[in-house]
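Trainee: Protein chains in written order, with this note's numbering: chain L, 5 to 487; chain F, 42 to 531.
The structure under discussion is supplied below as structure tokens; questions concerning it will follow.
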Amino acid sequence: MIAWTIYLTLGGAVVLFFLPRAFVRWIALATTVSGFAIGLATFCRPDVDFAHFTTIVRVPWIPALGMNYQLALDGISLTLILVTGLAAICAVLFSWDVNERAKEFFFWLLMVVGGSYGVFLSADLFLLFLFYELVIVPKYFLIAIFGSTNKEYGAMKLTLYSFFGGALVFLGIIAIYVSGGSFDLSQLSQFQFSSQLQGWVFPILFLGFAVLAGIWPLHTWAPTGHVAAPTAGSMLLAGIVMKLGAYAALRVAMNLLPQGFQMWRNSFAVFAVIGIVYAAAVALRQQDLKFVIGYSSVSHMGFVLLGLATANVFGVSGAVLQMFSHGVIGALLFAVAGTMIYRRTHTRDLDALAAMNLRRALPFAAFTFVVASAASMGIPGFSGFAAEITILIGAWKTYPLAVWIVGAGMVLVAAFTLRALKRSFFDVDLTATSASAPEMEPITIPEKIGASLLMVATLAVGLYPRILLDRIQPAVEAMRFLK
Amino acid sequence: MVNVIGILILIPVAGAIVLYVGHPKNPRVVAFIFNALSAFYALMIWQKFDATTPGLQLVERHAWIPSIGAEYFVGIDGLSLLLVLLTSLVFPFAFSAQRLERGACALMLVMQAALYGTFIAQNFVLWFLFYEMSLVPAFLLIKIYGGENRDYAAVKFFLYTFLGSVAMLLAFLGIYLTRGSFDFETLARFGKSGLIAGNLRWWVFAGIFLGLAVKVPLFPFHTWLPDAYQTAPTGVSMVLTGALSKMGVYGFIRLLVPLFPNEIKIAAPWLLTLVVCSIVFAPLAAWAQRDLKRMVAYLSINHLGYCLLGLFVIAAGSTSSLIDKQAAFSGVFLQIFNHGLTAAALFYFVGLLEQRRGLRGIDDFGGMMERAPLLCGWMSVAMFSSLGLPGLNGFIGEFLIFKGSFAVAASFTAVAVIGLLFTAVTFMRAMQSLFSGPLSENCATFPDLLLNEKLVVVPVTLLMFAIGLNPQFMFNIFNVTVVQMTRLFS
């Protein structure tokens with residue numbers, strides 16, 4: 005049933021074109037909601053085996069080359085399906101006011117979502133790559149047509165980085181196919197690749213995928229891309245697209261090439277730690293609110309990579325949880341900055357925002373941003389804390405030094421988040437200017453619903469992380485590199 | 042009636058005669074009618090063709106000039122059928138690109154006949170006749186109907202190709218004097234044990250290689266191509282890249298590799314170096330172009346490089362398994378078809394831009410997404426197909442080729458992948474400066490795709506998706522031929 009997430013979303017994208025404009029956003033909403041509902045229904049079913057990557061569909065596709073249309077599901081995929089569905093619904097809700105070329109906009113948006121579902125469910129390496137590349141194109145158009153600041157530059161940079169990563173991945177996949185003789189991920193995960201091959205294919209594959217996850221020093225597409233994208237675009241980028249890279253790095257590079265992973269994981273851990281601290285430090289110096297959030301995304305994704313590099317159950321499970329958590333929090337932050345603030349004030353400059361007394365003008369936005377910042381800083385009770393603490397426990401076993409450095413990095417994260425929060429909402433002296441709150445269009449109902457959904461999600465997982473971890477952990481334990 | 046495949050050659054010739062004698066008011070309609078006839082005939086042949094038996098089918102053999110072993114000997118196998126179908130597809134597509142004068146239409150039809158002839162002839166003399174027959178109309182089309190700089194380009198094109206042909210002819214005389222036959226199949230049987238002894242074989246090998254390498258073209262024999270493609274009218278450029286360049290690749294598969302399997306193995310590192318240069322340098326050169334047509338022309342060199350990469354790797358690799366070779370070979374065949382389709386489509390779109398604007402420099406456009414979203418959308422599909430995006434036709438062929446070549450020559454493959462990246466960069470930059478940005482003043486009155494253009498663009502694009510998503514129906518055409526040829530080579 006979960007396969008229908010892909011068909012429904014891509015089908016919805018096509019159907020959009022044949023309907024009158026008035027229905028477009030409703031169709032998009034219905035599509036994304038049903039996608040999420042399917043994910044949730046699967047999540048609640050007791051009879052699904054989340055511990056193993058269980059095949060759900062298998063149809064011969066190009067038999068001459070051993071390519072199958074094969075989908076599979078385990079706890080890791082399901083977690084990411086859920087965050088995809090959630091981010092997609094909210095992206096639609098926060099694009100409710102898109103009127104110009106709305107059909108195209110929602111078409112591209114649904115293509116990104118559908119392609120991402122495809123990546124998370126693919127059990128065939130070729131199919132996975134197909135979906136993975138399929139996401140790049142709609143993303144480009146979404147930014148290049150509907151974006152704001154410097155949109156062409158941002159879209160181009162993002163696309164070129166993606167293609168660069170894609171070329172590396174392409175090479176790695178060919179190497180795997182030539183020696184493994186199959187595209188089937190579960191078959192390949194039984195195959196013993198020679199250690200010499202693993203030694204050079206692993207870094208190619210991992211790096212190729214990690215480009216999309218924003219690994220330092222190949223992260224620079226992320227802030228510019230996020231800033232240039234329309235709100236929904238940033239939400240999808242932060243919420244979903246960056247996860248594609250991390251997920252594929254885990255599912256393909258690490259799971260298929262465990263020896264290569266052991267050889268290289270120290271280097272990638274170093275990259276991850278530098279990424280966490282460096283991005284946080286850069287975020288502290290940004291004037292543009294979206295740039296702050298963009299760099300915070302890089303910093304948070306650094307945690308994911310660090311978690312993956314620890315190579316133990318806690319670290320990797322934490323990384324998957326962090327993918328979920330950052331998907332929700334990142335989407336929420338961009339929603340506030342892009343739609344709630346920027347659409348009304350037409351500026352994202354922190355100095356300009358500081359003079360506006362937004363707290364009075366947009367109280368709901370202020371509330372949402374406080375919650376999102378708290379979650380982003382890793383305050384206990386929110387999903388960010390649950391994920392990061394799990395990663396750090398994992399890291400403590402393998403890289404104790406990294407934990408200390410990252411700890412310092414977390415202070416920086418708190419510092420830039422608080423700075424952004426204060427400058428954007430709370431910089432005006434309360435008593436002096438309380439009367440002069442500028443007139444602004446109040447926060448709309450769709451915005452409120454979307455923000456509430458995301459806040460509930462981060463709180464629910466923060467308060468009771470086992471709800472996801474119970475399904476992630478068995479799947480991680482089944483992976484080969486832990487044995 | 043389908044038993045006589047020679048009719049395939051006669052239909053376009055008849056069309057040319059009708060155009061010449063009849064002075065029709067609208068020559069393009071006549072051309073379309075004859076295109077439709079030959080396409081229909083090609084489809085009938087496809088129907089008749091038994092894809093499960095190896096070897097030549099629908100063979101016709103008549104003595105022609107017995108004293109020199111020249112025969113009228115035609116027949117088709119999977120490869121010939123593939124190229125016949127491609128030719129039947131590219132020509133109507135090219136005619137739809139622009140209005141051509143009566144003379145140009147007639148020349149195009151003659152060229153079509155020559156192409157059909159080249160792809161079904163199985164005797165060298167006959168083959169060479171058609172091979173040269175295509176050269177003259179191409180030369181005249183560039184020389185008479187070309188744009189700026191046409192004299193230079195036409196002469197350069199003619200000289201390059203003609204010199205190549207002469208080298209090839211001399212080489213074949215050498216073969217004939219040794220072996221006493223011009224028959225492809227007979228000669229291929231000698232290939233294994235050495236067609237010619239001694240040093241002469243290298244001269245002969247070099248002669249044939251040169252002739253074909255110029256035609257494809259392969260780096261460093263490619264310099265005629267950008268000039269010719271740039272100045273030729275859109276429709277002619279489409280045919281040049283879509284069908285004519287395939288003659289070279291076809292020659293490599295049909296002549297060079299079967300006749301000189303041992304020599305190719307020895308020369309393989311050098312040949313592969315040239316191919317990789319083609320693949321990497323051509324998109325770099327394309328990147329530097331300001332003229333869209335020239336840019337597409339250079340990218341064409343890159344894509345044909347992939348075909349030759351696959352082919353040389355198959356011929357050179359002794360270690361790789363039969364299955365690997367078959368996959369790579371299928372990739373080469375598919376890439377031949379894909380490139381024909383995609384490159385022609387790209388030239389078609391550049392032609393549309395040129396018709397609307399009068400210019401085709403990359404800087405002459407901007408912000409077209411606002412005025413002509415459909416045009417931009419369909420054009421980007423063609424570009425994505427060309428840069429090998431999964432889901433579109435280009436990807437499958439390139440993937441198979443890279444997979445095959447990786448097993449044999451990993452280092453060459455790794456370098457060649459860079460070519461993919463450069464292609465992507467070139468296209469992305471083109472897309473950016475054409476489609477996005479502020480609306481250029483000159484583009485403000487642009488019409489979007491017109492109905493008759495949609496009728497051309499939509500089926501072609503659907504075909505790209507069909508091949509990309511389910512290539513099996515293409516494989517069915519040439520599967521048996523691939524298996525048979527692979528066995529021959531190893």
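Glycine is no exception: its CB is placed at the ideal position from the N, C-alpha and C atoms.
Along the chain, which unbroken stretches of the beta strand (DSSP E) at least 3 residues long are found entirely within the stretch 43-130 of chain F?
Mentor: 98-106, 111-117
Trainee: Beta carbon of residue 4/L, beta carbon of residue 237/L: below 9 angstroms?
Mentor: There is simply no residue 4/L to check, as chain L begins at 5 and stops at 487 in what is shown.
Trainee: So which of 32/L, 132/L, 89/L has the shortest CA-CA distance to residue 102/L?
Mentor: Sequence index remark: in the first sequence, residue 102/L carries index 98 (1-based). Of the candidates 32/L, 132/L, 89/L, the one whose C-alpha sits nearest the C-alpha of residue 102/L is 32/L.
Trainee: Got a sec: is the Cβ-Cβ distance from residue 140/L to anything in chain F below 9 angstroms?
Mentor: Counting from 1 along the first sequence, the entry for residue 140/L is found at position 136. Yes, because at least one Cβ of chain F sits closer than 9 angstroms to the Cβ of residue 140/L.
Trainee: Determine the chain F residues that contact residue 10/L at a beta-carbon separation under 7 angstroms, and present them in chain order.
Mentor: As a position in the first sequence, residue 10/L is number 6, starting the count at 1. The premise fails here: residue 10/L is roughly 13 angstroms from chain F at the closest Cβ pair, so nothing lies under 7 angstroms.
Trainee: Is residue 140/F helix, strand or coil when you go by DSSP?
Mentor: Here residue 140/F refers to the residue found at position 99 when the second sequence is read from its first residue. It is coil, neither helix nor strand.
Trainee: Sort out for me which residues DSSP pairs residue 64/L with in a bridge.
Mentor: On the first sequence, residue 64/L is found 60 positions in, with the first residue counted as 1. Under the DSSP definition of a beta bridge, residue 64/L partners with 72/L.
Trainee: With a Cβ-Cβ cutoff of 9 angstroms, do residue 295/F and residue 123/F count as a contact?
Mentor: For the purposes of this step, residue 295/F is identified with residue 254 of the second sequence, where counting begins at 1. For the purposes of this step, residue 123/F is identified with residue 82 of the second sequence, where counting begins at 1. Not closer than 9 angstroms, so no.
Trainee: Whose Cβ in chain F lies nearer than 7 angstroms to the Cβ of residue 167/L?
Mentor: Position 163 of the first sequence, counted from the start, is the residue given in the question as residue 167/L. Those are 462, 465, listed as they occur along chain F.
Trainee: Is the CB-CB distance between residue 57/F and residue 147/F below 9 angstroms?
Mentor: Against the second sequence, residue 57/F aligns to sequence position 16. Against the second sequence, residue 147/F aligns to sequence position 106. Remark: C-beta atoms of residue 57/F and residue 147/F approach each other more closely than 9 angstroms.
Trainee: Check this for me: beta carbons of residue 180/L and residue 132/L, under 9 angstroms apart or not?
Mentor: Position 176 of the first sequence holds residue 180/L. Position 128 of the first sequence holds residue 132/L. For residue 180/L and residue 132/L, no; Cβs fall outside 9 angstroms.
Trainee: Within this structure, are the beta carbons of residue 351/F and residue 441/F separated by less than 9 angstroms?
Mentor: Within the second sequence, residue 351/F is the residue found at index 310, counting from 1. Within the second sequence, residue 441/F is the residue found at index 400, counting from 1. Yes, they are a contact pair.
Trainee: Could you spell out the range, first to last residue, of the alpha helix (DSSP H) harbouring residue 3/L?
Mentor: In the structure displayed, chain L extends from 5 to 487; residue 3/L sits before or after that span and is not available.
Trainee: Looking at the C-beta of residue 520/F, does it have a partner C-beta in chain L at a distance below 9 angstroms?
Mentor: By 1-based counting over the second sequence, the position of residue 520/F is 479. Interface criterion met: the Cβ of residue 520/F is under 9 angstroms from a Cβ in chain L.
Trainee: Whole angstroms are fine: how far does the CA of residue 228/F sit from the CA of residue 368/F?
Mentor: Reading the second sequence from its first residue, position 327 is the one you call residue 368/F. Reading the second sequence from its first residue, position 187 is the one you call residue 228/F. Just so you know, the alpha carbons of residue 368/F and residue 228/F end up roughly 26 angstroms apart.
Trainee: Return the bridge partner residues of residue 9/L from the DSSP annotation.
Mentor: Within the first sequence, the letter at position 5 stands for residue 9/L. None; residue 9/L has no bridge partner.
Trainee: Residues of chain B with CB closer than 8 angstroms to the CB of residue 73/L, please, in chain order.
Mentor: Among the chains of the structure shown, chain B does not appear; the protein chains present are L and F.
Trainee: Using 10 angstroms around the beta-carbon of residue 42/F, count the other beta-carbons present and answer buried if the total reaches 16, otherwise exposed.
Mentor: As a position in the second sequence, residue 42/F is number 1, starting the count at 1. At residue 42/F the pLDDT is 49, less than 50, meaning the model places this residue with poor confidence; the figure from the coordinates comes in the next sentence. A residue is called buried when at least 16 other Cβ atoms come within 10 angstroms of its Cβ; residue 42/F does not meet this threshold and is exposed.
Trainee: List, in order along the chain, the chain L residues whose C-beta lies closer than 7 angstroms to that of residue 477/F?
Mentor: Residue numbering aside, residue 477/F sits at position 436 when the second sequence is read from its first letter. Neighbours of residue 477/F on chain L, chain order: 148, 156.
Trainee: Excluding five sequence neighbours on each side, which residues of the same chain lie with their C-beta closer than 7 angstroms to the C-beta of residue 512/F?
Mentor: Along the second sequence, read from residue 1 onward, the residue named residue 512/F stands at position 471. Cβ neighbours of residue 512/F beyond the five flanking positions: 375, 437.
Trainee: Put residue 162/F into one of helix, strand or coil per three-state DSSP.
Mentor: Working through the second sequence from its first residue, we reach residue 162/F at position 121. Note: residue 162/F maps to strand in three-state DSSP.
Trainee: I want to see whether chain F comes within less than 9 angstroms of residue 182/L, judged by CB atoms only; does it?
Mentor: By 1-based counting over the first sequence, the position of residue 182/L is 178. At least one chain F Cβ lies under 9 angstroms of residue 182/L.
Trainee: Name, please, each residue of chain F whose Cβ falls closer than 7 angstroms to the Cβ of residue 163/L.
Mentor: Looking up residue 163/L in the first sequence gives position 159. Within 7 angstroms Cβ-Cβ: 469.
Trainee: What does residue 171/L reach in chain F if we use C-beta pairs closer than 9 angstroms?
Mentor: Mapped onto the first sequence, residue 171/L falls at position 167. Neighbours of residue 171/L on chain F, chain order: 458, 459, 461, 462, 465.
Trainee: In the stretch 38-69 of chain L, which residues sit with their C-beta less than 9 angstroms from some C-beta in chain F, listed in chain order?
Mentor: So the close ones are 65, 66, 67, 68, 69.
Trainee: Smallest Cα separation from residue 447/F: which of 365/F, 321/F, 416/F?
Mentor: Sequence index remark: in the second sequence, residue 447/F carries index 406 (1-based). Looking at the Cα atoms, 365/F is the closest of the given residues.
Trainee: List, in order along the chain, the chain L residues whose C-beta lies closer than 8 angstroms to that of residue 512/F?
Mentor: Numbered from 1 along the second sequence, position 471 holds the residue referred to as residue 512/F. In chain order: 66.
Trainee: Beta-carbon of residue 110/L versus every beta-carbon of chain F: anything under 9 angstroms?
Mentor: Locating residue 110/L in the first sequence gives position 106, where the first residue counts as 1. No, residue 110/L lies away from the interface with chain F (no Cβ there is under 9 angstroms from its Cβ).
Trainee: Counting beta carbon pairs with one atom in the stretch 57-74 of chain L and one in the stretch 454-465 of chain L, are three or more of them shorter than 8 angstroms?
Mentor: no
Trainee: Whole angstroms are fine: how far does the CA of residue 402/F sit from the CA of residue 327/F?
Mentor: Here residue 327/F refers to the residue found at position 286 of the second sequence. Here residue 402/F refers to the residue found at position 361 of the second sequence. Using only the alpha carbons, I get a separation of about 13 angstroms.
Trainee: At the level of alpha carbons, what is the spacing between residue 510/L and residue 20/L?
Mentor: No answer is possible for residue 510/L: the residues shown for chain L start at 5 and end at 487.
Trainee: Can you grab the Cα-Cα spacing for the pair residue 146/L / residue 84/L, in whole Å?
Mentor: As a position in the first sequence, residue 146/L is number 142, starting the count at 1. As a position in the first sequence, residue 84/L is number 80, starting the count at 1. The alpha-carbon atoms of residue 146/L and residue 84/L are separated by roughly 22 angstroms.
Trainee: Just to confirm my understanding: we take residue 105/F, look at its own chain, exclude 5 residues before and 5 after, and list those with CB closer than 6 angstroms. What are they?
Mentor: Sequence index remark: in the second sequence, residue 105/F carries index 64 (1-based). For residue 105/F, where only same-chain residues beyond five positions count, the Cβ hits under 6 angstroms are 111, 112, 113.
Trainee: According to DSSP, simplified to helix, strand and coil, what is residue 3/L?
Mentor: What the structure shows of chain L is the stretch from 5 to 487, and residue 3/L is not part of that stretch, so it cannot be assessed.
Trainee: Do the stretch 70-78 of chain L and the stretch 315-327 of chain L touch if we need at least three Cβ pairs shorter than 8 angstroms?
Mentor: Proximity of the stretch 70-78 of chain L to the stretch 315-327 of chain L falls short of the contact definition, fewer than three beta-carbon pairs being nearer than 8 angstroms.
Trainee: Is the stretch 148-159 of chain F close to the stretch 47-65 of chain F, with three or more CB pairs under 8 angstroms?
Mentor: yes
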